[in-house]
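**Q** Next up is a structure, given as structure tokens.
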Amino acid sequence: MRSLHFEIVALSAVVALTIMAGCATTGPQASQDSSPAWDAQASWPELFRQSGSLTCGAAAAAVPVPKDMKPALLDALAEGAVTLAGRRVQAQTVAVWPESDGPRRAILRWIDSKPETALTGVPEISPTAQHDAGWSFGYTLVEGNTENLTWIMTTRNLPLEKTQYEMYRLNLGHEGRELGLRLGLRHNDRIYWWQFVRADFIHRGPVCDILRAGGPIYNEQNTVQGDLYLVLYANGVIEATAHFINHRREGPASDVNGVPVIGFDIPEAPEVDVTLDGRWPEFALGGVSLNLGQTVHMADAERPGSLRTEEGVVVLQPWLDQQIYGVELVYDEGVPEHRIIRREGTTGQLKHKDDLGAKSHRWYVTTIGDELIPSGVARSFRFTASLGDARAEVLRYQAPGWWHALCGALPTRGMLPVSWWAVPRALKTSESCFSRDGNCGPFEYGRSVRDGDGSAGAAMLTLGHALGIPRFCEEAIPCCYWRADIPINHVDFYTCELPYFGWQWVVQPYARFMSAVHGYWETGDPYLLETAELAADGYYRFYAINRPHRFVGRDSLPLFGLFDLYRTTGYRFYLDRIRRVLRDARDSYSQTSWYWPGHQSGCGPNGVARQESYVYIPAVLARFHADLLECAGERLAEEERAASLDFMRRMMGILLKKKNEGDENWYKYTSPHLYITFTELAEEFPEEARDFGLSLNEYNALFGTPESHSGDKVYTWVSGALRFDSWAWGPIWRDGTLYLHPQAAALGDTRAPKEARIFTPAGVAEVAYDNGEVAVVRAPCPVCIE
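The sequence shown begins at 6 in our numbering and counts up one residue at a time.
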């Protein structure tokens with residue numbers, strides 16, 4: 006991945022309002038505003054506050070990056086040699102454009118002494134002699150065995166004195182101030198600190214240094230990994246994420262006993278003894294201030310954490326104990342009775358899918374008192390500290406939705422975001438993403454009732470960025486970490502446990518890791534990207550070893566994550582794996598004289614293999630081919646491109662022929678896939694756009710969508726809704742003017758709303774459709790209806 010190249014291509018928030026020949030303009034401002042023309046190579050969009058206090062001294066924004074950017078300016082930005090609105094800005098690349106290896110997404114960071122002033126305007130290259138943020142690190146051995154012991158094949162169930170061990174703390178230094186950090190595990194009435202620690206700077210600049218450190222934690226029984234990701238700002242602010250990962254290290258994977266802790270070695274720190282009940286996140290620890298942020302909610306009054314001085318070290322125990330709710334109990338062999346929630350009047354365990362619901366027992370994978378980290382489970386804890394006078398918090402901003410659209414970061418095919426028919430429904434149903442299962446304790450903070458398929462975090466970020474809703478973006482990050490930590494098995498990465506239906510189920514269609522990727526785009530935390538990459542490898546290995554399939558169905562759903570990994574890394578092999586799965590999908594429909602492809606692969610009790618799904622599966626597969634055409638572009642050979650378009654047409658033909666057959670329960674999940682497929686076909690074959698629009702009308706009426714959509718399959722729904730509303734109005738921004746390309750067939754649906762809101766660089770435009778005509782109700786810019 007090459008160094009960041011970033012040219013600020015944006016649109017001024019003030020656009021001249023002039024009357025254009027052949028175009029509709031409205032409002033008295035059209036003849037009054039004489040604002041200067043926008044310099045297409047200069048200005049940066051105004052970022053707006055997402056979270057954090059205006060008393061913060063450090064700030065950050067995760068933003069998409071357009072393709073056509075000046076390399077000199079972008080190189081300077083990566084080096085922290087750019088100023089914007091008087092602030093020095095530094096960028097960390099988190100995704101690249103596959104064609105150029107240039108940045109596709111970046112996290113901007115800056116020191117902010119006047120956060121009440123917007124970060125916008127013209128960027129200037131401003132070299133600096135300072136090449137880093139002034140941070141240093143070192144190690145201190147806090148405990149160890151210096152004997153030269155015989156090497157042991159497997160370190161497990163051995164006392165420390167029989168092993169070669171060295172426990173360390175990581176020492177951070179900045180402008181004469183120091184802080185020691187260590188990760189540990191509380192077990193056997195003592196704390197075992199991480200061993201053989203190593204740290205490396207992975208990015209440096211005048212605004213911030215980024216450090217990663219890690220080492221194993223051995224509790225005299227087995228081992229977990231302690232991983233620490235630190236963004237170190239030049240004003241002394243530390244943005245930290247600690248990961249405790251129970252993967253496989255020595256011997257077979259196993260559960261680990263203990264509760265994770267974080268140690269702070271602070272010179273002249275006062276004695277501390279605080280019970281954490283989820284209410285108070287900020288603490289003064291002598292010369293260091295600590296802010297637990299959102300993760301303060303990992304403890305509550307019933308299950309408190311603690312912050313207390315132990316043997317001279319301030320020890321943070323973020324939660325009382327690990328508690329993971331497994332929902333449906335598939336089988337109870339080997340499950341301790343205290344973890345099972347028995348339903349009255351029931352006997353035995355869950356036998357088959359007809360027993361789902363009230364007849365089945367519930368259970369906990371682990372619960373309070375077990376002090377157990379199950380095999381394959383990880384947990385991440387985010388906090389902020391400050392060694393200086395700056396507040397221990399990072400003020401977060403985000404870019405407006407129109408900027409995300411113009412940068413190709415939304416599923417709108419470059420069109421501006423529109424709120425018309427499907428998007429308001431998506432917004433309403435997505436509110437349930439904030440709902441937590443009442444059986445889940447604070448340890449699972451970030452778990453959403455909508456995250457059965459692993460896409461809630463990605464959906465919340467996509468919708469929050471598209472519509473400019475900070476709350477959605479802020480609350481999505483704990484959801485992304487929960488998905489990466491708990492449902493994804495860190496031992497068998499090809500499996501994703503199913504907490505929504507039952508932890509004991511492992512089904513390939515639910516190997517969903519896309520939220521981890523979207524979380525990486527927002528935080529830059531390499532743990533999230535690595536977890537997604539390993540899960541993707543595991544999914545594909547499982548898929549490849551079980552082919553040729555009789556058909557491809559829901560086991561194609563993890564392609565969402567493969568597309569995102571391709572957009573992140575630019576690695577061609579992700580695209581090739583997508584192409585292989587979709588080639589299999591096309592082949593699986595080549596023998597329909599012998600059988601009709603079913604719902605998902607399987608046999609025996611998993612009899613969905615023979616359940617034909619004329620509605621849902623063709624829609625899923627067609628949608629992924631639409632995604633392939635849009636994502637791969639010219640990198641597809643003409644033969645494969647033609648085969649993809651032909652397959653999409655075939656799948657839509659199956660839907661038209663068999664639209665009243667199959668399981669009606671899947672109708673509502675089908676429509677958002679059709680929003681992607683039909684609109685992609687309309688773009689590819691504009692002479693047939695009206696026909697595709699009429700087909701969408703027919704299916705919306707058949708399914709009762711968008712109004713009846715429940716919000717299930719949340720990312721599918723959100724992405725389809727954004728695409729449908731934008732396509733219906735066709736808003737394109739060019740040279741300070743809003744161009745509309747309305748689709749009369751879609752807008753003419755008698756059930757559809759008459760008015761829509763379009764999010765433009767100049768502000769929100771309001772438009773209406775009535776009696777076959779588009780009218781501009783209010784517009785802050787010229788509007789041209791084509």
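Even for Gly, the Cβ is constructed at its ideal location relative to N, Cα and C.
Tell whether a beta-carbon distance below 8 angstroms holds between W738 and L411.
**A** It is a contact, given that the beta carbons lie within the stated cut-off.
**Q** Residue range of the beta strand (DSSP E) that R191 falls in?
**A** Counting along the chain, the beta strand (DSSP E) containing R191 begins and ends at 182-192.
**Q** Go through its chain and collect everything with a Cβ distance to D44's Cβ below 7 angstroms, but skip five positions before and after it.
**A** Below a pLDDT of 50, predicted positions are generally treated as unreliable, and D44, at 34, falls in that range; no measurement from the model is reported.
**Q** Can you grab the Cα-Cα spacing for the pair P602 / A590, in whole Å?
**A** Roughly 10 angstroms between the two C-alpha positions.
**Q** Taking 8 angstroms as the CB-CB cut-off, is A390 touching chain D?
**A** In the structure shown, chain D cannot be found, because there is only a single protein chain.
**Q** Determine, using beta-carbon pairs with one atom in the stretch 225-237 and one in the stretch 117-125, whether at least three such pairs fall under 8 angstroms.
**A** Cβ pair count under 8 angstroms is below three, so no.
**Q** Does the pairing of the stretch 94-111 with the stretch 429-440 give three or more beta-carbon distances under 8 angstroms?
**A** Taking 8 angstroms as the limit for Cβ pairs, the verdict is that the stretch 429-440 does not touch the stretch 94-111.
**Q** Whole angstroms is fine: what's the gap from P164's alpha carbon to V512's?
**A** Rounded to whole angstroms, P164 to V512 spans 39 angstroms at the Cα level.
**Q** Only counting the same chain, and skipping five residues up and downstream in sequence, which positions put a Cβ closer than 7 angstroms to that of G143?
**A** If we look at G143 and ignore the five residues flanking it on each side, its Cβ neighbours are N176.
**Q** For T721, name the three-state secondary structure that DSSP assigns.
**A** If DSSP states are grouped into helix, strand and coil, T721 belongs with the helices.
**Q** Hey, would you say D232 sits closer than 8 angstroms to Y532, going by beta carbons?
**A** Yes, Cβ-Cβ distance for D232 and Y532 is below 8 angstroms.
**Q** In angstroms, rounded to a whole number, what distance separates the CA positions of E307 and R195?
**A** The straight-line gap from Cα to Cα measures roughly 23 angstroms.
**Q** Note down, in chain order, each residue of its chain lying with its Cβ closer than 7 angstroms to the Cβ of I373, except the 5 sequence neighbours on either side.
**A** Cβ within range, chain order: R308, L325, D326, Q328.
**Q** Would you report the Cα separation of S817 and P475, rounded to the nearest angstrom?
**A** Lying before the first or after the last residue shown, residue 817 is absent from the chain, which here runs from 6 to 791.
**Q** Using the Cβ count rule (16 or more neighbours within 10 Å means buried), how would you classify S460?
**A** By the neighbour-count rule (16 or more Cβ atoms within 10 Å), S460 is buried.
**Q** Closest to G558 by C-alpha separation, out of D569, L392, R628, would be which residue?
**A** Checked all of D569, L392, R628; the closest Cα to G558 is R628.
**Q** Can you look up V340 in the DSSP assignment and give me helix, strand or coil?
**A** Correct three-state label for V340: coil.
**Q** Would Y515 pass as a contact of D458 if the rule is Cβ separation under 8 angstroms?
**A** In this structure, D458 lies closer than 8 angstroms to Y515 by Cβ.
**Q** Can you have a look at Q509 and say buried or exposed, based on whether 16 or more other CB atoms are within 10 angstroms of its CB?
**A** Flag for Q509 reads buried.
**Q** Do L188 and N293 count as a contact pair if the criterion is CB distance below 8 angstroms?
**A** Just to set this straight, residue 293 is Val in the shown sequence, not Asn. No, the Cβ-Cβ distance between V293 and L188 is not below 8 angstroms.
**Q** For the candidate residues I222, G210, D581, F201, whose alpha-carbon lies nearest to that of R191?
**A** Comparing Cα-Cα distances from R191 to each of I222, G210, D581, F201, the minimum goes to I222.
**Q** Taking C-alpha atoms, which residue in A63, L124, M74, A111 lies nearest to L52?
**A** Ranking the options by Cα distance to L52, first place goes to L124.
**Q** Which same chain residues, not among the five before or five after D560, have their C-beta less than 8 angstroms away from its C-beta?
**A** Correct list, in chain order: Q513, P514, Y548, H554, Q605, S606.
**Q** With H, G and I counted as helix, E and B as strand and the rest as coil, what does DSSP make of F269?
**A** Correct three-state label for F269: strand.
**Q** Quick check on the DSSP output: what are the complete beta strand (DSSP E) runs of length 3 or more inside the stretch 61-114, in order along the chain?
**A** For the stretch 61-114, whole beta strand (DSSP E) runs of length 3 or above, ordered along the chain, are 63-69, 87-89, 92-101.
**Q** Kindly indicate which three-state DSSP category P787 falls into: helix, strand or coil?
**A** Reduced to three states, the DSSP call for P787 is coil.
**Q** Where do the ends of the alpha helix (DSSP H) carrying G655 lie?
**A** Looking at the sequence shown, residue 655 is not Gly but Arg. Element bounds for R655: 643-662.
**Q** Is the beta carbon of G524 less than 8 angstroms from the beta carbon of A489?
**A** Yes, Cβ-Cβ distance for G524 and A489 is below 8 angstroms.
**Q** Is the distance from the Cβ of M653 to the Cβ of A631 below 8 angstroms?
**A** Contact flag set, yes.
**Q** Can you say whether P787 is buried or exposed, counting buried as having 16 or more other CB atoms within 10 angstroms of its CB?
**A** By the neighbour-count rule (16 or more Cβ atoms within 10 Å), P787 is buried.
**Q** Residue range of the alpha helix (DSSP H) that C478 falls in?
**A** Segment 475-490, the alpha helix (DSSP H) holding C478.
**Q** Is R203 buried or exposed, if buried means 16 or more other CB atoms sit within 10 Å of its CB?
**A** By the 10 Å Cβ count, R203 comes out exposed.
**Q** Tell me where the alpha helix (DSSP H) around H399 begins and ends.
**A** The question names His, but residue 399 in the sequence shown is Val. No alpha helix (DSSP H) contains V399, which is instead part of the beta strand (DSSP E) from 399-403.
**Q** Among the candidates L186, K72, Y744, D775, whose CA atom is the shortest distance from the CA of T765?
**A** Closest option to T765, Cα to Cα, is Y744.
**Q** By the DSSP assignment, the beta strand (DSSP E) with A770 in it spans what residues?
**A** Its beta strand (DSSP E) spans residues 768-775.
**Q** Span of the beta strand (DSSP E) holding A390?
**A** Unbroken beta strand (DSSP E) run through A390: 383-391.
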